[in-house]
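K.L.:
Quick one: the structure is below, questions incoming.
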Amino acid sequence: MIYSIPFYTVVILILVGLYAMIFKRNLIKMAIGLTIVESAVNLFLVTLGYREGGVAPIYTNLPSGISIPEGMVLPVPQALTLTSIVIGVAILALMLSLSMMIYRHYGTLDSRKVRRLKE
Amino acid sequence: MNADWLLQNSPALIIAIPLLAAFLMPVIDKIGRRARNAFAIIILVIEEMLVLFLAYDVFGGNIHIYTMGAANPLTTVPAQAAVPIRIVLEVDAMGIFMAIISATVCLAAGIYSLAFIEEEKGKGKYYTLLLLILVGMLGMELTGDMFNLFVFLEVLSIACAALIAYRSNTGDAVEGAFKFLIISSIAALFVLFAIALLYAQYDLLNMAALAHAITYSNLDKIALVLLVAAFAMKCGSVPMHFWTPDAYSVAPASITAILVAASQASLYALFRVCFSLYNVTLNLATIGGALIIFGLLSMFIGVTMALPQKDIKRLMAYHAISQTGYMLLGVGVGLYLLADPEFSTYGIKAMEGGIFHIINHAMYKGLLFLTSGAIFYRLKTRNLNEMGGLGHSMKWTAIFFIIGALAIAGIPPFNGFASKLLIYEAAYKVSPILSIIAMLVSILTLASFVKVFHSAFMGPKIHDVEEVPRSMLAGMAVLTFVIILFGLFPGWVVGNIVHPAAQALAEQAAYIQAVIGG
Amino acid sequence: MLRTTGGYWDPVLWIIAFIVVAIVAYIIRAMGRSDYSGKGEQRKPYISGVEEPEKEAVHIRAGNIYWGFLESMKGYYNAMMKIHTGIVNDYISWFVGISALLFIFVFLVEVI
């Protein structure tokens, strides 16, 4: 039961992030919502690799009594999560700089007013 | 360094060369304008030739494998392992078909950009990002690994968003880029979620290994729905198409032509997931029906929203949505009939029509966007109400526009007619209504391009402009050459290029066997 | 030659047919009078004696083309224009809505 808590957290975080992206009008709040969704997906990826009682998947200086590879957590999801975090940083940087420029041009960050391109 | 070595390593070289060039470009930009232009064009030409070289072998019937980081690039499953490890690039006929489209459109847009962005600032960064878009597209199309697909999807969307905001002195461009970035990020995050779901079940990331192991359990259904919805949003199909006119209209015209090819890379990813990953395990009537419905809605809503537009690039962007509907309709009919014995008679013909339409659309839509860029270059406006009488002075642009407009409307003898004919006749066998709506949309397409031609090129001479510079005409000529070539020899193209691609999509067994080996 | 489900399509034959028809049309045209100049009173349209206005005055701008079509489909276009708001939050809610619909579709089909 306790090992399912991260998965419930992932679902709740995705719902919170989507709520922030759909119902909040400020562009910065939408960027925050996107970051919440991205954190949730990263959490999901990292949780997939956990094996109960496992140690870090490093071969040197293993604690005694650990069998290889059943006693280690999976290393692949950790690599996937690191890649995803880096991509998230790049997207957040670009999104915030675009919001800054939108503020310079439009004078507002309200998504209902930033709509010269419509219909 | 002989031809065999080049052929064996070409999947990796095709992705690595523009990546290295993109990182060298800011350095070469310091040398001077001529060096930067020459470097960009040389890299794009090298890419085109590499892709065609690989295509010649792949269309002959071999699937090419490249394992990144292994001692021998052909060993996907090492001696003690039971599953493929490392990132495997798998190039089959459909992948290299899309790579030809990406390389050609980027080459034409690159040649076009030589004169088009002369007065803008930050041209070195423009070329860097253009090469990164090329890397993203080629990476998505040549890879055989799900997470690699996600990474290249993100590379593509970030580079595209940055280039849409290229004219950052206008507020419109930044708004369009922001909308594009939000939509792409949400789509990519849900793709990652679906990939994580598949990984959680099968502990595999390789597409061929997943295809071998997949059963249609509940988590697989969730992953499928997320993947289909996210990729359908990325390629601009109708209920989620709202970002397309915004982003396409404010980008510089050469980037819009490349954005069309980028949306089609997402369409390719959608087909790859539906056909090669799931194949007959998924519920064909549901997903095939969903694709057909997306296609019909896209066709009709795209073209009816295009008719009242006054901005020339927004109008063309709605037409891009409409033509994507044709591709979804054609391949959706193919997916719908995949398990049916009738597949080999008209199901595969529908898929060929849809896939042929992909390359036709990239060519003529790219050409139309480049001509609208030529009009913008001279008049500095995109509003159709302010244009008029350009046909008197911009004769070459008018000719290219006529060729593009006739091609998109499906008028013989251009290539649009050939692919639309395949789609009409094959969809008719499933239900006559599909063909009727498709033909109606074709007529409305012609109507809206007559509107654009009349407003922009005909009428009394209001503006005193000259023809556009020769490099822009050369870029347009590259695409026109392909349009006329495919229009005059559709039988050869379908037999040698499109049919192997459709076959490669439909036959999952060859795809799996190339990596896992029987 | 491209073989489709219902038949075939060959653009080279089409171009040959087009050229033949064009040659026939040219021959018929060449059999006409050779002293027709193409200018003057005979060429102007007849609008009940009123002078033909200048081209600039009657050139229809792009916003007004297809007025009839747009007017007849006004209900459809009003609905469509209302949906295309331009607000980015709506774009995402459409995505969530359509994926929810697809979920229901995919799961319910097994049950039914």
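Residue numbers (the working numbering), protein chains in the order written: chain C, 1 to 119; chain B, 1001 to 1518; chain V, 2001 to 2112.
All C-beta atoms in this analysis are idealised placements derived from N, C-alpha and C, irrespective of residue type, glycine included.
As the structure is a prediction and not an experimental result, all values here were calculated from the model.
Taking a Cβ distance cut-off of 7 Å, strictly less, list which residues of the segment 2081–2102 of chain V are near chain C, in chain order.
P.N.:
Hits within the stretch, in order: M2081, H2084, T2085, G2086, I2087, V2088, N2089, I2092, S2093 and V2096.
K.L.:
Using only the alpha-carbon positions, how far apart do G1144 (chain B) and P57 (chain C) sit?
P.N.:
Along the second sequence, one-based indexing puts residue 1144 (chain B) at 144. Along the first sequence, one-based indexing puts residue 57 (chain C) at 57. If I take the Cα positions, the gap works out to 26 Å.
K.L.:
When Cβ atoms are compared, which residues of the segment 6–32 of chain C fall closer than 9 Å to chain V?
P.N.:
Taking 9 Å as the Cβ-Cβ cut-off against chain V, the residues of the segment 6–32 of chain C that qualify are L18, M21, I22, F23, K24, R25, L27 and M30.
K.L.:
CA-CA distance, F1231 (chain B) and I1399 (chain B)?
P.N.:
Stepping through the second sequence from its first residue, residue 1231 (chain B) is reached at position 231. Stepping through the second sequence from its first residue, residue 1399 (chain B) is reached at position 399. Taking the straight line from one Cα to the other gives about 35 Å.
K.L.:
Tell me the rounded alpha-carbon separation between Y2091 (chain V) and D110 (chain C).
P.N.:
Walking along the third sequence from the start, residue 2091 (chain V) turns up at place 91. Walking along the first sequence from the start, residue 110 (chain C) turns up at place 110. In a straight line, the C-alpha of Y2091 (chain V) is about 15 Å away from that of D110 (chain C).
K.L.:
Using a beta-carbon distance below 8 Å, is S97 (chain C) in contact with chain V?
P.N.:
Position 97 of the first sequence, counting from 1, holds the residue named residue 97 (chain C). Chain V, which has no Cβ nearer than 8 Å to the Cβ of S97 (chain C), makes this no.
K.L.:
What did DSSP end up calling L2002 (chain V) once you bin it into helix, strand or coil?
P.N.:
Position 2 of the third sequence, counted from the first residue, corresponds to residue 2002 (chain V). Residue state, collapsed to three classes: strand.
K.L.:
Please report whether the beta-carbon of L92 (chain C) lies at a distance below 8 Å from any beta-carbon of chain V.
P.N.:
Along the first sequence, one-based indexing puts residue 92 (chain C) at 92. No, its Cβ sits nowhere closer than 8 Å to a Cβ of chain V.
K.L.:
Around the C-beta of I87 (chain C), are 16 or more other C-beta atoms found within 10 angstroms, so that it is buried, or is it exposed?
P.N.:
Numbered from its first residue, the first sequence carries residue 87 (chain C) at position 87. Label assigned to I87 (chain C): buried.
K.L.:
Give the residues of chain V in contact with R206 (chain C), contact being defined as C-beta atoms less than 8 Å apart.
P.N.:
Only positions 1 to 119 of chain C appear in this structure, which leaves residue 206 (chain C) out of reach.
K.L.:
Measuring alpha carbon to alpha carbon, tell me which of C:R112, C:L18, C:I14 and C:E52 ends up nearest I66 (chain C).
P.N.:
Here the question's residue 66 (chain C) lines up with position 66 in the first sequence. Residue C:E52 is the option with its Cα nearest to I66 (chain C).
K.L.:
Return yes when the Cβ of I1117 (chain B) is within less than 8 Å of the Cβ of L1163 (chain B), no when it is not.
P.N.:
The residue given as residue 1163 (chain B) occupies position 163 in the second sequence. The residue given as residue 1117 (chain B) occupies position 117 in the second sequence. In this structure, I1117 (chain B) does not lie closer than 8 Å to L1163 (chain B) by Cβ.
K.L.:
Counting only Cβ pairs nearer than 7 Å, list the residues of chain B close to S84 (chain C).
P.N.:
For the purposes of this step, residue 84 (chain C) is taken as residue 84 along the first sequence, with counting starting at 1. L1192, listed in chain order.
K.L.:
Given a limit of 7 Å on CB to CB distance, which residues of the segment 2051–2064 of chain V reach chain B?
P.N.:
Of all residues in the segment 2051–2064 of chain V, K2055, E2056, H2059, R2061, A2062 and G2063 have a Cβ within less than 7 Å of some Cβ in chain B.
K.L.:
Quick one: Cα of L48 (chain C) to Cα of M72 (chain C), how far?
P.N.:
Indexing the first sequence from 1 puts residue 48 (chain C) at position 48. Indexing the first sequence from 1 puts residue 72 (chain C) at position 72. L48 (chain C) and M72 (chain C): Cα-Cα distance of roughly 13 Å.
K.L.:
State the Cα-Cα distance for the pair H1212 (chain B) and I2112 (chain V), rounded to the nearest angstrom.
P.N.:
The residue given as residue 1212 (chain B) occupies position 212 in the second sequence. The residue given as residue 2112 (chain V) occupies position 112 in the third sequence. Using only the alpha carbons, I get a separation of about 28 Å.
K.L.:
Using the beta-carbon count (16 or more within 10 Å), is W1243 (chain B) buried or exposed?
P.N.:
Residue mapping note: residue 1243 (chain B) aligns to position 243 of the second sequence, counting from 1. So W1243 (chain B) counts as buried.
K.L.:
Could you spell out where the beta strand (DSSP E) holding E1090 (chain B) opens and where it closes?
P.N.:
Here residue 1090 (chain B) is taken as the residue at index 90 of the second sequence, counted from 1. Counting along the chain, the beta strand (DSSP E) containing E1090 (chain B) begins and ends at V1088 to V1091.
K.L.:
For I1255 (chain B), which residues of its own chain have a beta-carbon under 6 Å away from its beta-carbon, when the five flanking residues on both sides are left out?
P.N.:
Counting from one through the second sequence, the residue named residue 1255 (chain B) turns up at place 255. Contacts found: L1163.
K.L.:
Quick check on DSSP: helix, strand or coil for T2085 (chain V)?
P.N.:
The count along the third sequence starts at 1 and reaches residue 2085 (chain V) at position 85. Coil, per DSSP.
K.L.:
So the candidates are B:L1422, B:G1124 and B:T1371; which of them puts its Cα closest to the Cα of G1404 (chain B)?
P.N.:
Counting from 1 along the second sequence, the entry for residue 1404 (chain B) is found at position 404. Of the listed residues, the one whose Cα sits closest to G1404 (chain B) is B:T1371.
K.L.:
Quick one: grab the DSSP three-state call for V2035 (chain V).
P.N.:
As a first step, residue 2035 (chain V) is located in the third sequence; it is residue number 35 there, counting from the start. Note that residue 2035 (chain V) is Asp in the sequence shown, not Val. If DSSP states are grouped into helix, strand and coil, D2035 (chain V) belongs with coil.
K.L.:
Just to make sure I have the definition right: I need the residues of chain V whose C-beta is within less than 8 Å of the C-beta of L117 (chain C). Which are they?
P.N.:
Along the first sequence, one-based indexing puts residue 117 (chain C) at 117. Neighbours of L117 (chain C) on chain V, chain order: G2086.
K.L.:
Output, in chain order, the set of chain V residues within a Cβ distance shorter than 9 Å of W1243 (chain B).
P.N.:
Here the question's residue 1243 (chain B) lines up with position 243 in the second sequence. Near W1243 (chain B) (Cβ distances below 9 Å), the residues of chain V are V2088 and Y2091.
K.L.:
So which residues of chain V does P1500 (chain B) contact, with C-beta pairs closer than 7 Å?
P.N.:
The sequence position of residue 1500 (chain B) within the second sequence is 500, counting from 1. Near P1500 (chain B) there are no residues of chain V at all, since even the closest Cβ is about 15 Å away, more than 7 Å.
K.L.:
How should T2005 (chain V) be labelled, buried or exposed, when 16 other C-beta atoms within 10 angstroms of its C-beta is the threshold for buried?
P.N.:
Walking along the third sequence from the start, residue 2005 (chain V) turns up at place 5. When all chains shown are included, T2005 (chain V) counts as buried.
K.L.:
Which parts of the segment 1021–1095 of chain B are runs of the beta strand (DSSP E), unbroken and 3 residues or longer, counting only runs that do not cross its ends?
P.N.:
If we require 3 residues or more, the beta strand (DSSP E) runs fully inside the segment 1021–1095 of chain B come out as 1064–1067 and 1088–1091.
K.L.:
Where do the N-terminal and C-terminal ends of the alpha helix (DSSP H) with A1261 (chain B) fall, by residue?
P.N.:
For this step, residue 1261 (chain B) is matched to residue 261 along the second sequence. Counting along the chain, the alpha helix (DSSP H) containing A1261 (chain B) begins and ends at A1253 to F1271.
K.L.:
With a threshold of 16 other CB atoms inside 10 Å of the CB of N1169 (chain B), please say whether the residue is buried or exposed.
P.N.:
The residue labelled residue 1169 (chain B) in the question sits at position 169 within the second sequence. Classification for N1169 (chain B): exposed.
K.L.:
Just by C-beta distance, which residues in the segment 1375–1393 of chain B are closer than 8 Å to chain C?
P.N.:
Correct list: empty, as no residue qualifies.
K.L.:
Going by DSSP, which residues form a beta bridge with T1143 (chain B)?
P.N.:
The sequence position of residue 1143 (chain B) within the second sequence is 143, counting from 1. Partner(s): B:L1089.
K.L.:
Please report the Cβ distance between F1059 (chain B) and N1496 (chain B), rounded to the nearest whole angstrom; I am assuming they are in contact, meaning their Cβ atoms lie under 8 Å.
P.N.:
Taking the second sequence and counting its residues from 1, the one referred to as residue 1059 (chain B) is at position 59. Taking the second sequence and counting its residues from 1, the one referred to as residue 1496 (chain B) is at position 496. Going by Cβ atoms, the distance from F1059 (chain B) to N1496 (chain B) rounds to 6 Å, so yes, they are a contact pair.
K.L.:
Just the chain V side, please: which residues come within less than 7 Å of E1425 (chain B) by C-beta, in chain order?
P.N.:
Locating residue 1425 (chain B) in the second sequence gives position 425, where the first residue counts as 1. Ordered by position in chain V, the residues that pass the 7 Å Cβ test against E1425 (chain B) are T2004, T2005 and G2006.
K.L.:
How many Å lie between L2002 (chain V) and L1488 (chain B) at the Cα?
P.N.:
Translated into the one-based positions of the third sequence, residue 2002 (chain V) becomes position 2. Translated into the one-based positions of the second sequence, residue 1488 (chain B) becomes position 488. If you take the alpha carbons of L2002 (chain V) and L1488 (chain B), they lie about 10 Å apart.
K.L.:
For R1272 (chain B), does the count of other Cβ atoms within 10 angstroms reach 16, so buried, or fall short, so exposed?
P.N.:
The sequence position of residue 1272 (chain B) within the second sequence is 272, counting from 1. Buried, since its Cβ has 16 or more Cβ neighbours within 10 Å.
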